[in-house]
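Student: What follows is a structure written as structure tokens; I'll ask about it next.
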DNA sequence: AGTAAACTACACTGACGAGTTTACTTACTA
DNA sequence: TAGTAAGTAAACTCGTCAGTGTAGTTTACT
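Chains as they are written, first to last, in this note's numbering: chain S, 27 to 228; chain Y, 27 to 228.
See the structure below:
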């Protein structure tokens with residue numbers, strides 16, 4: 027790899043780390059240069075402004091997070107187990123450093139510039155990318171009975187976020203792994219209590 | 027009212043408004059002074075530092091938000107109606123300017139200083155102040171069947187927050203009043219599907 | 001080896017913000 | 001109505017930070 031490319035990577039890595047730790051606003055370009063073992067001038071040769079660097083990092087983070095493993099409905103398997111698999115995968119995403127890193131930066135920025143929220147808010151992330159189709163198939167299969175699938179999907183994901191993600195994002199008390207298993211079980215129990223089709227043909 | 031007291035009020039009002047609009051970090055003391063029609067020196071005569079002013083405003087906001095109308099369980103009334111009343115009241119709180127104002131300032135700060143979250147996170151707010159007792163009474167009355175009451179209360183409140191509060195806080199799409207009524211109905215339907223005691227003595 | 005592109009250190013500009021100082025004026029109170 | 005408590009405008013210190021300019025060095029390619 028050329029030196030120039032390596033420097034670029036170093037700068038991105040340094041900036042990401044610092045933005046994550048302290049927030050974009052509290053990270054100076056001097057700090058980034060130092061952390062990247064690059065001169066400030068080199069930083070500016072690669073990224074015209076701090077804003078450009080910031081956007082580049084957001085893009086970077088999004089790409090890494092977007093690789094979600096789609097889980098499709100299978101009529102043969104136990105529905106509860108399938109939902110548990112989805113919840114576990116989503117919970118892993120919500121807990122991952124990559125995701126939290128991105129979230130901190132993005133949420134901070136969203137509180138400041140509501141335009142950003144409008145711009146990003148529509149991007150479905152994590153299991154929301156396939157959950158609605160999954161539920162639709164389960165409904166078609168008479169395993170579930172749901173009127174408003176979009177809403178049901180949100181109920182599922184919002185609960186995961188509320189218990190797993192927000193506590194980490196804001197620094198509230200974080201559930202232990204044992205509690206987390208419990209939480210996922212309870213969320214699914216509630217979801218099935220509401221939406222399981224009890225008059226299904228056996 | 028003495029001029030001195032009036033100035034104090036003006037400064038608090040100006041600071042609150044600006045903190046709300048732009049975040050505490052992006053509001054300068056000069057701006058606050060100007061908005062309050064006070065000289066910068068007067069601002070500093072009332073509040074030693076920006077941090078002190080910030081704390082005073084937090085306190086102010088909390089006091090205004092803390093006045094929650096406690097709703098107690100009544101064995102005579104329909105449980106669903108009672109839960110709806112609680113949800114409506116909570117939703118009104120979550121939508122209120124006072125609450126959103128405070129939340130914006132606090133959440134912004136929490137993303138930056140996780141210590142603040144630990145400090146504030148334990149304060150139960152809104153219906154969380156009485157919901158657990160309410161549910162406990164409903165359980166005692168055999169109307170509900172709940173193992174973990176604290177968790178169930180969170181499930182209830184977290185869903186309200188996810189659908190009503192966070193969209194407003196971050197600038198996502200906000201549900202219409204009609205949708206909101208629907209949302210509350212659905213949340214309660216899910217809650218009752220999970221926790222209603224079907225083997226209750228009639 | 002020679003050249004161009006990219007890197008480096010470092011000093012610099014210009015803006016902004018927290019908090020202070022000064023010299024002066026206005027408002028309350030005894 | 002005299003004195004003091006509080007307010008005012010404006011200039012000032014000191015620190016930080018985004019971004020630039022310069023002169024010299026290193027890297028990579030031919």
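For every residue, glycine included, the Cβ atom is placed at its ideal position computed from N, Cα and C.
#1: Candidates S/79, S/119 and S/155: which alpha carbon is nearest residue 35 of chain S's?
#2: Could you tell me how far apart the beta carbons of residue 161 of chain S and residue 170 of chain S are, in whole angstroms, since I believe they sit closer than 8 Å?
#3: Which residues of chain Y have a Cβ atom closer than 7 Å to the Cβ of residue 212 of chain S, listed in chain order?
#4: Is it buried or exposed, residue 190 of chain S, if we count other Cβ atoms within 10 angstroms and call 16 or more buried?
#5: Can you find the residues in the same chain that come closer than 8 Å, C-beta to C-beta, to residue 211 of chain S, ignoring five residues on each side of it along the sequence?
#6: Between which residues of its own chain and residue 112 of chain S is the CB-CB distance below 6 Å, once the five residues before and five after are set aside?
#7: Considering only DSSP beta bridges, list what residue 119 of chain S is partnered with.
#8: For residue 106 of chain S, collect the residues of the same chain with a Cβ closer than 8 Å to its Cβ; drop the 5 residues on either side in sequence, then sort them by chain order.
#9: For the alpha helix (DSSP H) that contains residue 71 of chain Y, what are its first and last residues?
#10: Give me the Cα-Cα distance between residue 187 of chain S and residue 120 of chain S, rounded to the nearest whole angstrom.
#11: Can we say the region 123–136 of chain Y touches the region 39–59 of chain Y, given the rule of at least three CB pairs closer than 8 Å?
#12: With 16 as the cutoff for other CB atoms within 10 Å, does residue 93 of chain S come out buried or exposed?
#13: When you compare only the Cα positions, how much space is there between residue 55 of chain Y and residue 33 of chain Y?
#14: Mapping the DSSP letters down to three states, classify residue 92 of chain S as helix, strand or coil.
#15: Is residue 76 of chain Y close to chain S? Criterion is C-beta to C-beta, closer than 9 Å.
#16: Closer than 8 Å between beta carbons: that is the criterion. Which residues of the region 160–190 of chain Y meet it against chain S?
#17: What are the residues in the region 127–153 of chain S lying within 7 Å of chain Y by C-beta distance?
#18: Return the chain-ordered list of same chain residues with a C-beta closer than 8 Å to the C-beta of residue 289 of chain Y, the five sequence neighbours on each side being excluded.
#19: Which bits of chain Y does residue 196 of chain S rub up against, with CB to CB less than 8 Å?
#20: Along the region 65–90 of chain Y, what residues have a CB closer than 8 Å to any CB found in chain S?
#21: In whole angstroms, what is the alpha-carbon distance linking residue 62 of chain S and residue 124 of chain S?
#22: Are the beta-carbon atoms of residue 172 of chain Y and residue 165 of chain Y separated by less than 9 Å?
#23: With burial defined as no fewer than 16 other Cβ atoms inside 10 Å of the residue's Cβ, what is the status of residue 221 of chain S: buried or exposed?
#24: Hey, residue 86 of chain Y and residue 115 of chain Y are a contact pair by Cβ (cut 8 Å); roughly how many whole angstroms apart?
#25: Between which two residues does the alpha helix (DSSP H) harbouring residue 221 of chain Y extend?
Tutor: The short version:
#1: S/79
#2: 6 Å
#3: 177
#4: buried
#5: 110
#6: 97 and 153
#7: Note: residue 119 of chain S sits in no beta bridge, so no partner.
#8: 214 and 218
#9: 66–72
#10: 7 Å
#11: yes
#12: exposed
#13: 15 Å
#14: helix
#15: no
#16: 174, 177, 180, 181, 184, 185, 187, 188 and 189
#17: 130, 133, 134, 136, 137, 138, 140, 143, 144 and 147
#18: Here chain Y has residues from 27 to 228 only, and residue 289 of chain Y is not among them.
#19: 133, 136, 137, 140, 143 and 147
#20: none
#21: 19 Å
#22: yes
#23: buried
#24: The pair is not a contact, with the Cβ atoms about 22 Å apart (cut-off 8 Å).
#25: 203–221
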